[in-house]
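Asker: Numbering (the working numbering), first residue to last: 89 to 437.
Every residue gets a Cβ at the ideal spot worked out from N, C-alpha and C, and that includes glycine.
Quantities reported herein were computed from a predicted structural model and do not represent experimental measurements.
1. Please name the residue, chosen from 174, 118 and 247, that lies closest to residue 263 on a Cα-to-Cα basis.
2. Below 6 Å CB to CB, which residues in the same chain sit around residue 399 once its five sequence neighbours on both sides are set aside?
3. Can you give me the C-alpha to C-alpha distance between residue 201 and residue 207, rounded to a whole angstrom?
4. Return the CA-CA distance between residue 195 and residue 184, expressed in angstroms with no decimal places.
5. Can you give me the start and stop residues for the beta strand (DSSP E) that residue 213 sits inside?
6. Do you know how far the Cα of residue 427 is from the Cα of residue 272?
7. In terms of residues, what are the limits of the beta strand (DSSP E) holding residue 116?
8. What is the DSSP secondary structure of residue 378, counted as helix, strand or coil?
9. If the criterion is Cβ atoms closer than 8 Å, does the pair residue 217 and residue 180 meet it?
10. Going by CA-CA distance only, name the one from 192, 121, 155 and 239 that's closest to residue 113.
11. If we call anything under 8 Å between Cβ atoms a contact, is residue 265 one with residue 97?
12. Can you tell me whether residue 269 is helix, strand or coil according to DSSP?
13. Using the rule of at least 16 other Cβ atoms within 10 Å of the residue's Cβ for burial, across every protein chain shown, is residue 219 buried or exposed?
14. Any chance the region 277-291 sits against the region 151-159, with 3 or more Cβ pairs inside 8 Å?
15. When burial is assigned at 16 or more other CB atoms within 10 Å of the CB, is residue 364 buried or exposed?
16. Is it buried or exposed for residue 356, if we count other Cβ within 10 angstroms and need 16 for buried?
17. To the nearest angstrom, how far is it from the Cα of residue 422 to the Cα of residue 245?
18. Could you tell me the distance, in whole angstroms, from the CA atom of residue 103 to the CA atom of residue 215?
19. Closer than 8 Å is the cut-off here; do at least three beta carbon pairs connect the region 340-350 with the region 286-303?
20. Which residues does DSSP list as the beta-bridge partners of residue 95?
21. Let me make sure I understand the geometry here. Which of 258, 288 and 261 has the alpha-carbon closest to that of residue 42?
22. DSSP on residue 246, reduced to helix/strand/coil?
23. Return the CA-CA distance between residue 318 and residue 335, expressed in angstroms with no decimal places.
24. Starting from residue 168, trace the beta strand (DSSP E) in both directions and tell me its first and last residue.
25. Apart from the five residues just before and just after residue 372, which ones in its own chain have a Cβ nearer than 6 Å to its Cβ?
26. Just list the alpha helix (DSSP H) runs in the region 125-189, keeping only unbroken ones of 4 residues or longer that don't cross its boundaries, in chain order.
27. Residue 368 to residue 223, Cα distance in whole Å?
28. Please specify which runs of the alpha helix (DSSP H), each continuous and at least 4 residues long, are wholly inside the region 279-337, giving them in chain order.
29. Once the 5 residues before and after residue 378 are set aside, which same chain residues still bring their CB inside 7 Å of it?
30. Thinking C-alpha only, which one of 227, 177, 173 and 176 is nearest residue 198?
31. DSSP beta-bridge partners for residue 340?
32. Could you check where the beta strand (DSSP E) with residue 261 kicks off and where it finishes?
33. Smallest Cα separation from residue 412: which of 247, 429, 92 and 354?
34. Are the beta-carbon atoms belonging to residue 234 and residue 259 less than 8 Å from one another?
35. DSSP on residue 276, reduced to helix/strand/coil?
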């Protein structure tokens, strides 16, 4: 079953349907769930439902053909405001929320959502990358979250509750999205013509950990070739940090000079390593059968879990715009130390 082409999130849809039927819709929401599970798409489909000129919002059935529905799809509706962290920033800039120094609280999302709807029934704002709302930015949002303007809906999108500041979590209705099952991911990949090969779609879906975005990247031919080389390097009985760094750096440099593309490649490399160690952890704990590549890793579930933590911390550091070279060197050195000794030093410690 799917709503508006969104698979795997029927419970979330039913929650909104029930709230609308009882006229108990909240004004502020925090959508949390893994990348590529449908949060962003569902937020935009809800915006279509609330702004549709043909069907009432209680129907939760945007027509898709009226001017408002088309404007939401195109990102041009005057009553829909969407902001996201710029690629070259480590957090959502204050200017996006409250305007620059000369126009504080007379520009920005907090100001715009306070205005009366221009043509629709509501004002709707979507904040993507809420994981990167740090203290100063979160403080700017508090008044809007505590006292939402009439006829407004504010939706924040994040990957987990843990990555949100307590001041944000406590002022939003948290909506949890589940990772997608492989069958749904494969169906989406085929429906969107990411690949027309059912076997390739199923293979990518099986290792995507519930994320269409991850599965899509796994189907990239260049990434697939690199991933094979990376897993060979990680599964060596004696891991060589310099070799691992060179392998990853060569892949990253292949993106060209654009920093955003290089950053994504590094995150893809770390993501591939994370998947490898998670599979290893499951195999070591007896939850799944080990493949030949997994059997060669000399440590068990605990060390594998530490390796996952190393990968996640490295990825978080990359998101925060830390030096890619330093992060990569630290990550490779700590993996080698973990393999030799069974322990490693995490950044958070």
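Answerer: On the basis of the data shown:
1. If we check each option's Cα against that of residue 263, 118 comes out closest.
2. Within the same chain, residue 399 has close Cβ partners 358, 361 and 362.
3. Going by the C-alpha atoms only, they are around 13 Å apart.
4. Between residue 195 and residue 184, the alpha-carbon positions lie close to 8 Å from each other.
5. That run of the beta strand (DSSP E) goes 211-215.
6. Cα to Cα, residue 272 sits roughly 36 Å from residue 427.
7. DSSP places residue 116 in the uninterrupted beta strand (DSSP E) bounded by 116-120.
8. Bear in mind that the predicted position of residue 378 carries a pLDDT of just 49, short of 50, making it unreliable; the figure below should be weighed with that in mind. Three-state DSSP puts residue 378 in coil, outside helix and strand.
9. Contact flag set, yes.
10. For the residues 192, 121, 155 and 239, the minimum Cα distance to residue 113 belongs to 239.
11. The Cβ atoms of residue 265 and residue 97 sit closer than 8 Å to each other.
12. Residue state, collapsed to three classes: coil.
13. Result: buried.
14. The answer is no - the region 151-159 does not touch the region 277-291, with fewer than three Cβ pairs under 8 Å.
15. Per the 10 Å Cβ criterion, buried.
16. Classification of residue 356: buried, given that the 10 Å Cβ count is 16 or more.
17. Between the C-alpha atoms of residue 422 and residue 245 there is a straight-line separation of about 32 Å.
18. So the alpha carbons of these two residues sit roughly 21 Å apart.
19. Two segments are said to touch when three or more pairs of C-beta atoms, one from each, lie closer than 8 Å; by this definition the region 340-350 does not touch the region 286-303.
20. Paired residue(s): 90.
21. Residue 42 lies beyond the range of the chain shown here (89 to 437); nothing can be said about it.
22. Shown here, residue 246 sits in a strand according to DSSP, grouped into three states.
23. Straight-line measurement puts the Cα of residue 335 at about 7 Å from the Cα of residue 318.
24. Its beta strand (DSSP E) spans residues 168-171.
25. Excluding residues up to 5 positions away in sequence, 388, 389 and 392 lie with their Cβ nearer than 6 Å to the Cβ of residue 372 in the same chain.
26. Listed in chain order, the complete alpha helix (DSSP H) runs (minimum 4 residues) inside the region 125-189 are 127-139, 155-162 and 182-186.
27. Counting only the Cα atoms, residue 223 lies some 36 Å from residue 368.
28. List check, alpha helix (DSSP H) in window: 286-294, 300-306 and 309-322.
29. Bear in mind that a pLDDT of 49 at residue 378, under 50, signals an unreliable position, so the number given afterwards is only what the model happens to contain. 371.
30. Considering only alpha carbons, the answer is 227.
31. Looking at the DSSP assignment, residue 340 forms no beta bridge with any residue, so it has no partner.
32. First-last of the beta strand (DSSP E) with residue 261: 261-264.
33. Just measuring C-alpha positions, the residue of 247, 429, 92 and 354 sitting nearest residue 412 is 354.
34. Result yes, Cβ atoms of residue 234 and residue 259 sit closer than 8 Å.
35. Secondary structure of residue 276 (DSSP, three-state): helix.
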